[in-house]
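Participant: If you're matching them up, the sequences are chains A and B in order.
Residues in the first sequence are numbered consecutively from 1427, following the working numbering.
Residues in the second sequence are numbered consecutively from 1427, following the working numbering.
All residues carry an ideal CB built from backbone N, CA and C; glycine is no exception.
Please read all numbers here as calculations on a predicted model, not as lab measurements.
Would you mind keeping the following structure in view while I ask a few things?
Number of protein chains: 2
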Amino acid sequence: MISKKTKYGLQAVFYLAELYNKGPMLIADIAQNRSLPKKFLETILLELNKKGILHSQKGKGGGYSLKRNPNEIMVGEIIRVLEGPLAPVSCVSQTAYKKCEECMDEKACAIRVVMKEVRDAISNVLDRQSLAQAIVKRNYFLESSIINFTI
Amino acid sequence: MISKKTKYGLQAVFYLAELYNKGPMLIADIAQNRSLPKKFLETILLELNKKGILHSQKGKGGGYSLKRNPNEIMVGEIIRVLEGPLAPVSCVSQTAYKKCEECMDEKACAIRVVMKEVRDAISNVLDRQSLAQAIVKRNYFLESSIINFTI
DNA sequence: GTATTAATCTACTAAATCTATAGGATAACT
DNA sequence: AGTTATCCTATAGATTTAGTAGATTAATAC
């Protein structure tokens, strides 16, 4: 299960993606709009800023906005910044490989074989799907559920 | 990343899978053989026992063995017992659905749409792969790496 | 250049979870 | 009855999570 921090960050980023090109948004406004704890969100957005996902502007008229087009930011990027590697075990991570401490023989590890497949499966979803695509998909489901309701 | 508890449990279960039909194994032997902390392993195996993965026998000649054939135990089962639901967010879990606390409107959630796909991708790997299959796959890789080495 | 605005930084804390270990109870076998 | 091995409950230290407080820095407006 992903942490609240990651969920909050994703919520904020999706929010900014929907308002892309509408100018910077205040932390306070994002927090209020999405019902997120403001101070906590502050540290999350700061991290996303440092990792090149967001752009910030201080002072009046300032705030946060996406640094790149929502079409060019993959959901996996956000997850990696906030949650860490996608891989279920560090020994199959592509971006942050590390031998498992307790592992005696990596080659002879059945867990590793399975988890490699899991990592790839997760990556195939998260690294191929942009923020924009996710929103389109969400809107499609939302749309069809409204139609079902009104008929 | 999965916890050490889950890794230890998987190691033990794979070990028992390889020794299926060779009679019960002692916790102490499993722990020594796989270099796992014995007392911790004890609580892990107990949990797997209660959830119907393992069979135990007390007294002399006793120990632990798989309750079912390694072909019939999916890796996903073990993960669910030790780590919890496969889903990255509880609102897309098939086995343990629960509305996310911080969520305002599930239908309008872009995170949910993406994470549903992730859950399915993970499940497609873990719920279709038995302990026996994973071991066969591991042996195949091991085999071919030995061949590469000896040539 | 001063006031205002809004992000940045440091540091701290409460609560929960993880990683174990201790020690006695229970059951099975000899 | 004695031995063996799992079962059960409790506990404790370390780490992570979730969040807050308060001062600092930078940009803008006047």
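What's the call for T1432/B, buried or exposed, on a 16-neighbour Cβ count within 10 Å?
Facilitator: The residue given as residue 1432/B occupies position 6 in the second sequence. Buried.
Participant: Shorter than 8 Å from the beta carbon of G1510/B to some beta carbon of chain A?
Facilitator: Position 84 of the second sequence, counted from the first residue, corresponds to residue 1510/B. Cβ-Cβ to chain A under 8 Å: yes for G1510/B.
Participant: So which of C1535/A, R1506/A and V1507/A has the shortest CA-CA distance to E1569/B?
Facilitator: Counting from one through the second sequence, the residue named residue 1569/B turns up at place 143. Per the Cα distances, C1535/A.
Participant: What residues of chain B sit near L1552/A, judged by a beta carbon separation below 8 Å?
Facilitator: Position 126 of the first sequence, counted from the first residue, corresponds to residue 1552/A. Under the 8 Å cutoff, chain B gives V1540 and V1544.
Participant: Given that M1427/A touches chain B, what residues does it touch there, using C-beta distances under 8 Å?
Facilitator: As a working note, residue 1427/A is residue 1 in the first sequence. Neighbours of M1427/A on chain B, chain order: G1510, P1511, A1513, P1514, V1515 and S1516.
Participant: Helix, strand or coil for S1491/A, going by three-state DSSP, please let me know.
Facilitator: Here residue 1491/A is taken as the residue at index 65 of the first sequence, counted from 1. If DSSP states are grouped into helix, strand and coil, S1491/A belongs with the strands.
Participant: Mapping DSSP to helix, strand and coil, what is I1500/B?
Facilitator: Sequence index remark: in the second sequence, residue 1500/B carries index 74 (1-based). Here the sequence assigns Met to residue 1500/B, which means Ile is not the residue at that position. M1500/B falls in the strand class under three-state DSSP.
Participant: According to the neighbour-count rule (16 or more other Cβ atoms, all chains shown, within 10 Å of its Cβ), is P1463/B buried or exposed?
Facilitator: Translated into positions along the second sequence, residue 1463/B becomes position 37. The residue is exposed, with fewer than 16 neighbouring Cβ atoms inside 10 Å.
Participant: Rank E1528/B, E1532/B and N1565/B by C-alpha distance to the C-alpha of V1540/A and give the top, closest one.
Facilitator: Locating residue 1540/A in the first sequence gives position 114, counting from the first residue. Taking only the C-alpha atoms, the option nearest V1540/A is N1565/B.
Participant: Less than 7 Å between C-beta atoms, sequence neighbours within five positions excluded: which residues of the same chain meet that for C1529/A?
Facilitator: For the purposes of this step, residue 1529/A is taken as the residue at position 103 of the first sequence. Cβ within range, chain order: C1517 and C1535.
Participant: Pull the bridge partners of L1480/A from the DSSP assignment, please.
Facilitator: One-based indexing of the first sequence puts residue 1480/A at position 54. Note: L1480/A sits in a beta bridge opposite L1492/A.
Participant: Under a Cβ-count criterion, where at least 16 other Cβ atoms within 10 Å of its own Cβ denotes burial, should E1503/B be classed as buried or exposed?
Facilitator: In the second sequence, counting from the first residue as 1, residue 1503/B sits at position 77. Buried: at least 16 other Cβ atoms inside 10 Å.
Participant: Does V1507/B get closer than 8 Å to chain A when you measure Cβ to Cβ?
Facilitator: Looking up residue 1507/B in the second sequence gives position 81. False, the Cβ-Cβ gap to chain A never drops below 8 Å.
Participant: Report the three-state DSSP secondary structure of S1556/B (helix, strand or coil).
Facilitator: Mapped onto the second sequence, residue 1556/B falls at position 130. Here S1556/B sits in strand by DSSP.
Participant: Excluding the five sequence neighbours on either side, which residues of its own chain have a C-beta within less than 7 Å of the C-beta of K1542/A, listed in chain order?
Facilitator: As a working mapping, residue 1542/A is identified with position 116 in the first sequence. Only V1518 meet the Cβ criterion.
Participant: Measuring only the C-alpha atoms, how far is K1486/B from K1476/B?
Facilitator: Working through the second sequence from its first residue, we reach residue 1486/B at position 60. Working through the second sequence from its first residue, we reach residue 1476/B at position 50. Whole-angstrom Cα-Cα distance: 21 Å.
Participant: Whole angstroms are fine: how far does the CA of K1430/B sit from the CA of F1466/B?
Facilitator: Reading the second sequence from its first residue, position 40 is the one you call residue 1466/B. Reading the second sequence from its first residue, position 4 is the one you call residue 1430/B. Spanning the two alpha carbons is a distance of roughly 10 Å.
Participant: Classify Y1523/A as buried or exposed, calling it buried when 16 or more other Cβ atoms lie within 10 Å of its own Cβ.
Facilitator: Working through the first sequence from its first residue, we reach residue 1523/A at position 97. With fewer than 16 other Cβ atoms within 10 Å, it is exposed.
Participant: For the region 1544-1562 of chain B against the region 1488-1507 of chain B, are there 3 or more C-beta pairs whose distance is under 8 Å?
Facilitator: Flag = yes, the region 1544-1562 of chain B and the region 1488-1507 of chain B touch.
Participant: Please state the DSSP three-state secondary structure of M1427/B.
Facilitator: For this step, residue 1427/B is matched to residue 1 along the second sequence. Looking at M1427/B - three-state DSSP - the assignment turns out to be coil, as it is neither helix nor strand.
Participant: Beta carbon of I1470/B, beta carbon of A1438/B: below 8 Å?
Facilitator: The residue labelled residue 1470/B in the question sits at position 44 within the second sequence. The residue labelled residue 1438/B in the question sits at position 12 within the second sequence. Contact flag set, yes.
Participant: Between A1534/B and chain A, is there a C-beta pair that is closer than 8 Å?
Facilitator: Along the second sequence, one-based indexing puts residue 1534/B at 108. Output row for A1534/B: interface = yes.
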